[in-house]
Amino acid sequence: MAIRHDQGIVLRSYPFGEADRVVVMLSPNKGKIRTVAKGVRKTKSRFGGRLEPFTHVDLVLYEGRNLDTITQVSVIEPFPKLRTDLDAVIAAGTMVEAADAVAQEEESSMRLFLLLHKGLRSLEAGQRSPDLITSFLLKLADVVGVAPALVDCASCGRVDDLHRFSFAGGGVICDRCRGEGAVRLRSGITEYLAALSTADFMELPGTSDVLAGEAMGIARRFVEYHLDRKLVSLAVME
Amino acid sequence: MFEGPVQRLIDELARLPGIGQKSAQRLAFHLLLVEEADARRLAAAIGDMRDQISLCERCFNVAAADECSICLDGRRDQSMVCVVERPQDIIVVERTQEYRGRYHVLGGALSPINGIGPGQLRFEELKSRLEPEGIAELIVATNPTIEGDATAMYMAREFKPLGVRVSRLASGLPVGGDLDYADELTIGRALIGRTEL
Ligand SMILES: [Zn+2]
Ligand SMILES: [Zn+2]
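From first to last, the protein sequence lines are chains A and B.
Numbering-wise, my numbering puts 172 at position 172 of the first sequence, and it's gapless, one number per residue.
Just so we're on the same page, my numbering is the position in the second sequence counted from 1, plus 1000.
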């Protein structure tokens, strides 16, 4: 058995045995990792608040047969403001949940890690636009290789008359290819989504509430369709 | 696989929190080998607890009557309610002997990541207590975790507009701990919740 160094963003944790927790993290090098934090549920635990969700930590791990055990942890970025605002907690929860859903174990995930890190950072910096989640989800789809077509028809590649969106078909659909299950879009939404799919998290367009709401609805349904699961964080406050 | 009744007990024990197959086997064989009276007393204690204890109709603490002993205690300050996640947390606050109000057990904490929303917790039940009991202050004693924080923030948002004071247990450094062992988050919290001397 060996000692190894790693870092990660804490995604979630669950109770394990009497006083321990399994802490699930996203590591840039090893993807999703499950580690044991011994005694962390005790108030006087030496880990303190370091292993709370959303925290970016540096780790020293003792490799075990199934799970690695955390021997040392230090905080790289605590993201304290994230915790003091309910909307930020829900947004961060959504990001972490989506990242958790797509991350693989034992697989380098630098792009996913950087995306999540950037997302949490912009929340910490005060970004509260609903477009942040939309943009995050579109970029997440891209990272895992299912980016929706937004500038040309997902079926034939035409660039005009794009008035519908097909969740199963992988993006916007032109009037000629429209088939079963494609929803009709409000005008302007395709361009809005396309802008969000490449926008910087700190410079989101935020032009209209109606577009923002619908864009998030589409991004969310699209990701939920491709993950084959609901994003429960977003459903919490409905 | 063991003889039917032994395996049945192992399976039941293994469903308890923190007990795996191995521990369940160890416990089952222990119970098989101890004095019969000891084993029967355990079985009776479980049965009695389930027969005699239920949840308080007012605060959802464990109770031996329709209401718990704290709610029934006339000396308690009714205008103050300490809001906790679980009944076990009441005992922790009670042990301090610093608190003389009543309680309200939410049944958990808001957890966006686990999909636990306000609808699954006993907020509505608490709202319906405000007027009849003349509640003026809620002290939120949820855990100092993301979930506990989210719950406290939600309560401030929901209950302050109803004219109730909402406060939160200060969280900070553990008594008897060393400052240099504390993590950044804990020290940050302690700073925010500092008290004037
Ligand atoms: Zn087409
Ligand atoms: Zn009661």
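Don't be surprised by glycine CBs; every beta carbon is placed ideally from N, CA and C.
query: Proximity test, Cβ basis, 7 Å: Thr1186(B) and chain A; result: yes
query: CB of Leu61(A) within 7 Å of CB of Arg4(A), strictly; result: yes
query: Contact with chain A by Met1153(B), beta-carbon distance below 7 Å; result: yes
query: With 16 other Cβ atoms within 10 Å as the buried cut-off, status of Leu1162(B); result: exposed
query: is_contact[Leu86(A), chain B] using C-beta, thresh 7 Å; result: yes
query: Nearest neighbour of Tyr1099(B), chosen from Leu1033(B), Ser1111(B), Arg1026(B) and Ile1139(B) [CA to CA]; result: Ile1139(B)
query: Pair within 7 Å by beta-carbon distance, Asp175(A) and His163(A); result: yes
query: Three-state secondary structure (DSSP) of Met95(A); result: helix
query: Amino acids of chain B, ordered along the chain, whose beta-carbon sits closer than 7 Å to that of Arg12(A); result: Ile1113
query: Option nearest Ala168(A) by Cα separation, candidates Val183(A), Asp161(A) and Gly126(A); result: Val183(A)
query: Assigned secondary structure, Arg1230(B) (DSSP; H/G/I helix, E/B strand, else coil); result: Absent from the structure is residue 1230(B), since the part of chain B shown begins at 1001 and ends at 1197.
query: Nearest-angstrom Cα separation, counted from Leu1130(B) out to Arg1076(B); result: 16 Å
query: Below-7 Å beta-carbon distance, Ala233(A) vs any chain B residue; result: Note that residue 233(A) corresponds to Ser in the displayed sequence, not to Ala. By this cut-off, Ser233(A) is an interface position.
query: Below-7 Å beta-carbon distance, Val57(A) vs any chain B residue; result: no
query: Within chain B, partners of Gly93(A) - CB distance below 7 Å; result: Pro1112 and Ile1113
query: Partner residues on chain A for Asp1183(B), Cβ-Cβ distance less than 7 Å; result: Gly48, Gly49, Arg50 and Val75
query: Residue range of the beta strand (DSSP E) that includes Gln127(A); result: Here Gln127(A) belongs to no beta strand (DSSP E), and DSSP marks it neither H nor E.
query: Under 9 Å from the C-beta of Pro78(A): neighbouring residues of chain B; result: Asp1183, Glu1184, Leu1185 and Gly1188
query: Neighbourhood of Gly39(A) by C-beta distance below 6 Å, restricted to the same chain and skipping five residues each side; result: Ala19 and Ser45
query: Coil, strand or helix - Lys118(A) by DSSP; result: helix
query: Beta carbon of Gly1172(B) nearer than 7 Å to that of Ala1190(B); result: yes
query: Proximal chain A residues relative to Asp1149(B), where beta-carbon distance stays under 8 Å; result: Arg83, Thr84 and Val89
query: Nearest-angstrom Cα separation, counted from Val1084(B) out to Glu77(A); result: 30 Å
query: Backbone secondary structure at Gly1018(B) - three-state DSSP; result: coil
query: Bridge partners - Arg178(A), DSSP secondary structure assignment; result: For Arg178(A), which the question treats as bridged, DSSP gives no partner whatsoever.
query: Lys38(A): first and last residue of the uninterrupted alpha helix (DSSP H) it sits in; result: It is not in any alpha helix (DSSP H) - Lys38(A) carries neither H nor E in the DSSP assignment.
query: Unbroken alpha helix (DSSP H) run spanning Ile189(A), endpoints; result: Ile189 to Thr198
query: Residues bridged to Thr69(A) [DSSP beta-bridge criterion]; result: Val36(A) and Tyr62(A)
query: Leu1072(B): first and last residue of the uninterrupted alpha helix (DSSP H) it sits in; result: Ser1069 to Leu1072
query: Beta-carbon gap between Leu231(A) and Leu193(A) smaller than 7 Å; result: no
query: Option in Leu86(A), Thr71(A), Gln72(A) and Arg158(A) with minimal Cα separation from Ala1152(B); result: Leu86(A)
query: Asp1149(B) - containing alpha helix (DSSP H), residue span; result: Ile1146 to Phe1159
query: The segment 99-106 of chain A in contact with the segment 55-72 of chain A per 3-pair CB rule at 8 Å; result: no
query: Neighbouring residues, chain A, relative to Thr1145(B) (Cβ below 7 Å); result: Glu52
query: Distance cut-off 6 Å: Cys1198(B) Cβ against heavy atoms of ligand 2; result: Because chain B in this structure spans residues 1001 to 1197, residue 1198(B) falls outside the shown range and cannot be described.
query: Within chain B, partners of Gly17(A) - CB distance below 7 Å; result: Gly1018
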